[in-house]
Amino acid sequence: MVNIVEQSISQAMDEPDDRLMFTQVKDVVARHLRRMDPGATVTKTEFFNHTHVPDMVLEWPGRPRTPRRFIYLRTTSDQRELEDDLQRLPRADRPVLLALGQLPTARQQGDLPSLPGSSTALLLDASALGALQPADDSPGIPRLVSRSVLEGGRGTLDKAATEEFLNTVVQGAEAARAGERVPTRDAVDALTARMTTEVADRMSAFLAALWQGGGSTLASFPAPQRGVGHLDETALMYLLESEDITDSAFWNRVVRMISLPILLRTPAAGTGNLQHLMREAIQLWTSRVCMIVPGMADADISPWRWAVKAGQLILQTPRFHVLVAQARRQLPPGQEHDLPRLDEVRNRADRFGIPLTSLRMVVTDRHVGYGGPGDDISHDAQLDGISDALGQAEGVIEADARIPSGETLQCLFGTGIASARGARTQVPLDALLGTTTRLLSDLSSDEAEKITQLLGAQGPPPDQPWSQPSFDDV
């Protein structure tokens, strides 16, 4: 049965004008490649069916460590010609040779063209490209397998071989979560045979994550242990973009295999699995700085959801979003916020039980500081006198807030930025984001409730006062 890809290519090749036919064939192929992986960029060259010059270049701008691939279109399906072409193409370019017709089947030609075990080249025909097209309602894993073929597929694929490969890996992923050894091993073997080493290792790490997330031990994973004990950003992307996994125990195990820096390198958008991951990660991971950016929700991110964009972890709300980064330089330039009055800041601190250890205020062009040895100053009667003396016209520039783990956050009201005191200090994400949103933003009751649902309640302060430098040392 002819699939939609074969049909589209055949119709394009019926065009009598050669130049127009070349353009239409390339458009059809490029459209189906982008459908397999929307994150890929397909650049068409001016050549067609050329011996040495590719017809298209496939690149992944969002995954800079994924090398590009050159795609060569071939009007022939002759086995000998295709094998000769593969021998001439540079191995470093990881070439993809796409026969626009059908490769000889095993019944017609004995075996499909064989490629060396170390080959990085991929030979496939139009029927295989059609079999790799994900259905609109297909779960995530078939889509991931199709994407991985584009990234690092090798060997020879016709329709039958492609369908067998897809089924083996999809069944292996389901088996990995269930701790079933044989189908999981079959999937790893298929990946090793059909993928370049780098992509096979990432997909194996993805299967190992499913294996451990399901409750089995890494030591019992039925494959070589090379690289499967951790997830890099691409393997993590595979996991986050697979079908929705709502099991909290699964994510509680997986979150220990990764870290925030890896997540920040992952183009994860706002997937459902990212939400499940962050529910477990929020209390386990640490970071240094975050920033409140006022404004409406981005159109491509639903409110009250997590996303990763441009190397930043984002918590999106209807009225503002919070950016999390490992260092201040990774945040965008901050826009100026209106400074709250002293009584507003004290009320926010009192409302959520946030200990304040120092404050800096401004009146016109004069600055006033107030601090202590590290205890909570927010209820000091002297602050009432300061506010009265300043005619209640003061604006709070910054406050130091002590979080439950004992560290101190420097909260800058003018830019909406909060960062941990200390050159290398990292603080738990729930405390970093919770303290920042509650102190630097005037939350409504509904917003406060949503923040509590996502981050947990503001924890109690530590039992012992935290030693903090005076303002003269800041």
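The numbering of the sequence shown is the working numbering, which starts it at 130 and goes up by one.
Glycine is no exception: its CB is placed at the ideal position from the N, C-alpha and C atoms.
This one's a predicted model, so the numbers in the text were calculated from it and none came from an experiment.
Where the beta strand (DSSP E) through residue i begins and ends
i: S548; result: I546 to A549
i: V384; result: Per DSSP, V384 belongs to no beta strand (DSSP E) and is neither H nor E.
i: D376; result: First-last for D376: undefined, no H or E at that position.
i: V171; result: T170 to K173
i: M185; result: M185 to E188
i: L251; result: L251 to D254
i: G524; result: G524 to R531
C-beta neighbour in chain B for residue i, strict 8 Å
i: V278; result: The chain labelled as chain B is not found in the depicted structure, where only one protein chain is given.
Opening and closing residue of the alpha helix (DSSP H) in which residue i lies
i: T564; result: L558 to L569
i: D513; result: A510 to A518
i: R217; result: Q208 to R217
i: T581; result: S574 to L584
i: D315; result: R310 to R323
i: L541; result: Per DSSP, L541 belongs to no alpha helix (DSSP H); it is in the beta strand (DSSP E), T537 to L541.
i: G401; result: G401 to A410
i: T363; result: E362 to L369
i: Q153; result: D147 to M165
Bridge partners - residue i, DSSP secondary structure assignment
i: P423; result: F449
i: Y201; result: L226
i: D287; result: Looking at the DSSP assignment, D287 forms no beta bridge with any residue, so it has no partner.
i: I443; result: A436 and L452
i: G282; result: M324
i: S139; result: The partner list for S139 (beta bridge, DSSP) is empty, contrary to what the question assumes.
i: S416; result: V556
For residue j and residue i, the rounded distance between their alpha carbons
i: L452; j: L561; result: 11 Å
i: V171; j: P461; result: 30 Å
i: A613; j: S275; result: Nothing can be reported for residue 613, as the shown portion of the chain is limited to 130 through 603.
i: M366; j: S277; result: 11 Å
i: I135; j: H161; result: One detail in the question is off: residue 135 reads as Glu in this sequence, not Ile. Straight-line Cα distance between these residues: approximately 11 Å.
i: F294; j: P271; result: 10 Å
i: D146; j: R198; result: 29 Å
i: G239; j: P233; result: Note on G239: pLDDT 41, under 50, position unreliable in the model; no value is reported.
i: I374; j: S388; result: 19 Å
i: L347; j: T566; result: 38 Å
i: E327; j: T321; result: 10 Å
i: A307; j: W340; result: 7 Å
i: G440; j: T204; result: 42 Å
i: A329; j: H508; result: 60 Å
i: L572; j: E578; result: 9 Å
i: I526; j: G399; result: 33 Å
i: D143; j: M150; result: 7 Å
i: A316; j: A290; result: 14 Å
i: L286; j: E303; result: 23 Å
i: E409; j: A454; result: 18 Å
i: R217; j: Q445; result: 51 Å
i: M332; j: L273; result: 9 Å
i: T415; j: M490; result: 29 Å
i: V154; j: V225; result: 16 Å
i: S516; j: D467; result: 18 Å
i: S256; j: E210; result: 19 Å
i: G563; j: R223; result: 47 Å
Exposure of residue i, with buried meaning 16 or more beta-carbon neighbours within 10 Å
i: D254; result: buried
i: G424; result: exposed
i: S548; result: buried
i: P447; result: exposed
i: V311; result: exposed
i: R531; result: buried
i: D166; result: buried
i: S137; result: buried
i: A260; result: buried
i: L258; result: buried
i: A510; result: exposed
i: G269; result: buried
i: Q237; result: Bear in mind that the predicted position of Q237 carries a pLDDT of just 43, short of 50, making it too unreliable to give a figure here.
i: G551; result: exposed
i: G514; result: exposed
i: S596; result: Low per-residue confidence applies at S596: pLDDT is 43, beneath 50, and the placement is therefore not dependable, though the value from the model is reported in the following sentence. S596 should be labelled exposed.
i: Q587; result: buried
i: A436; result: buried
i: V182; result: exposed
i: A338; result: buried
heavy atom of the ligand SAH below 7 Å from residue i C-beta
i: P461; result: This structure lacks the ligand SAH; in fact it carries no ligand of any kind.
Which runs of the beta strand (DSSP E), 3 residues or longer, sit entirely within the segment 454-520?
With a minimum length of 3 residues, the continuous beta strand (DSSP E) runs that stay inside the segment 454-520 are 485-492 and 495-500.
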